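Residue numbers (UniProt numbering), protein chains in the order written: chain A, 1 to 180; chain B, 1 to 180.
Built from N, CA and C at the ideal position, the CB exists for glycine as well.
Everything numeric in this text was worked out from a predicted model, so none of it was measured.
Following: one structure in structure tokens, then a few remarks.
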DNA sequence: CCCATTTGGGTGAGCGCTCAACCTTCTCGC
DNA sequence: GCGAGAAGGTTGAGCGCTCACCCAAATGGG
């Protein structure tokens with residue numbers, strides 16, 4: 001690889017600022033979530049995704065996919081959630097290799113309790129800092145980034161019919177009680 | 001805490017997209033950096049910051065600050081970099097509590113070798129996906145986020161005179177050979 | 001049918017981060 | 001100058017992630 005195009009001054013500024021913003025924001029939200037609810041952000045998204053699914057249950061691989069997680073990471077994470085009493089494993093009758101993760105009532109309650117403070121954190125550290133227009137611009141920018149990255153990893157994707165995500169699920173920042 | 005303002009539909013979309021984009025991008029850059037150069041991203045920034053500093057040296061606490069890192073994290077990280085031969089510790093003559101981290105020639109070379117591929121990664125996964133205008137918008141957005149977050153943690157900051165950062169250092173995405 | 005391959009999922013080692021404690025050296029009011 | 005507190009830095013425990021590997025069940029071509 002010979003000399004690539006280096007970043008110009010504006011690109012450099014944006015890049016450094018992006019790095020700082022993403023790290024500081026993630027760290028701050030994580031701290032507040034941990035402080036207010038004792039839930040690490042890594043657990044939080046898994047709980048959210050389960051809460052949005054029919055019967056609060058999802059196959060392990062589907063859960064891994066919607067949460068942009070490796071199977072391994074998910075497996076470890078679910079093990080911890082099970083130990084916490086927030087999730088249960090259930091075996092799949094039609095495919096004996098398969099496993100479901102199921103959100104328990106305790107897990108749902110933990111999520112319900114955690115959500116308001118978390119939304120406030122997101123609002124105060126992110127959206128309150130941006131104009132409406134910037135918020136919309138940010139969405140378009142991150143959409144473009146995501147599209148590019150998913151494209152690169154669509155080498156192996158082969159439309160497995162068991163996948164049923166991308167079906168307009170409700171989301172994390174609405175009260176879980178409306179999600180069940 | 002009673003019901004906060006939940007996110008509206010656009011905010012929700014932006015937030016989910018932001019989460020996906022930042023995680024996927026970070027993971028992808030990390031993988032490529034690791035694959036091409038064997039350097040974890042966490043080491044990379046420390047090496048960059050040192051390479052930009054006069055005499056390639058920085059007090060531990062200054063280094064922690066410019067890299068948005070806790071002292072503890074930095075201490076562990078520098079220990080690993082020292083074990084790798086990329087950094088050396090030096091004690092401070094004027095303050096016997098103090099320590100410098102100094103980039104070695106081997107560290108500088110590792111950085112020089114890693115930089116081109118890393119810049120290409122950043123370009124292909126981020127800037128190539130955005131229009132010039134979006135790139136500039138992103139910079140303004142992340143600036144606003146950073147400003148908000150730093151503000152919250154400026155409780156304790158008391159203009160320590162030893163701090164001399166924010167002085168327009170050169171940066172990571174220029175060839176390190178111009179940085180020394 | 002049967003065996004090779006693929007797929008769903010779990011495991012363990014190793015690394016890096018956080019958090020809380022800790023030691024040492026400075027600083028500063030008195 | 002001295003004692004209390006602050007500042008610089010390190011350490012260790014514990015957790016979560018990645019990576020490579022493993023096993024069992026399903027699939028599919030011959």
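Item, Value
"Does chain A have any CB closer than 8 Å to the CB of residue 18 of chain B?", "yes"
"Give the interface partners of residue 35 of chain A over in chain B, defined as CB-CB distance under 7 Å, in chain order.", "In chain order: nothing, as chain B lies at least about 13 Å away."
"Pull up the distance between the alpha-carbon of residue 183 of chain A and that of residue 13 of chain B, whole angstroms please.", "Absent from the structure is residue 183 of chain A, since the part of chain A shown begins at 1 and ends at 180."
"Helix, strand or coil for residue 188 of chain B? Go by DSSP, reduced to three states.", "Residue 188 of chain B is absent from the structure shown; chain B starts at 1 and stops at 180."
"Could you please give the first and the last residue of the uninterrupted beta strand (DSSP E) stretch that includes residue 103 of chain A?", "99-103"
"Looking at chain A, is there any beta carbon in it that lies within less than 8 Å of the beta carbon of residue 5 of chain B?", "yes"
"At a CB-CB cut-off below 7 Å, which residues of chain A make contact with residue 149 of chain B?", "24, 25, 28 and 125"
"Give me the Cα-Cα distance between residue 51 of chain B and residue 56 of chain A, rounded to the nearest whole angstrom.", "51 Å"
"Looking at chain B, is there any beta carbon in it that lies within less than 8 Å of the beta carbon of residue 114 of chain A?", "no"
"Determine the closest residue to residue 129 of chain A out of B:38, B:63 and B:146, with distance taken between C-alpha atoms.", "B:146"
"Mind checking whether residue 39 of chain A and residue 110 of chain A have CB atoms under 8 Å apart?", "yes"
"How many Å lie between residue 86 of chain B and residue 122 of chain A at the Cα?", "38 Å"
"In the DSSP assignment, find the unbroken beta strand (DSSP E) run with residue 58 of chain A in it and report its ends.", "57-59"
"I'd like to check one pair, residue 44 of chain B with residue 77 of chain B: are the Cβ atoms closer than 8 Å?", "no"
"Does the beta carbon of residue 165 of chain B come closer than 8 Å to any beta carbon on chain A?", "Caution applies to residue 165 of chain B, whose pLDDT of 37 falls short of 50 and renders its modelled position unreliable; the value that the coordinates give is listed next. Residue 165 of chain B does not count as touching chain A."
"Alpha carbon to alpha carbon, how far is residue 75 of chain A from residue 90 of chain A? Give it in angstroms, no decimals.", "13 Å"
"Taking only the alpha-carbon atoms, compute the straight-line gap between residue 82 of chain B and residue 53 of chain A and give it to the nearest angstrom.", "48 Å"
"Nearest to residue 69 of chain B by alpha carbon, out of B:49, B:84 and B:9?", "B:49"
"When the Cα atoms are used, what is the spatial distance from residue 95 of chain B to residue 151 of chain B?", "30 Å"
"Kindly indicate which three-state DSSP category residue 156 of chain A falls into: helix, strand or coil?", "Any answer about residue 156 of chain A is weak, because its pLDDT of 37 lies below 50 and its placement is not dependable; what the coordinates show is given next. If DSSP states are grouped into helix, strand and coil, residue 156 of chain A belongs with coil."
"Looking at residue 101 of chain B and residue 63 of chain B, is the spacing between their C-beta atoms short of 8 Å?", "yes"
"Roughly how far, in whole angstroms, is the beta-carbon of residue 37 of chain B from the beta-carbon of residue 113 of chain B, given that I think they are within contact range, below 8 Å?", "6 Å"
"Three-state secondary structure (DSSP) at residue 39 of chain A?", "coil"
"In whole angstroms, what is the alpha-carbon distance linking residue 99 of chain B and residue 92 of chain B?", "5 Å"
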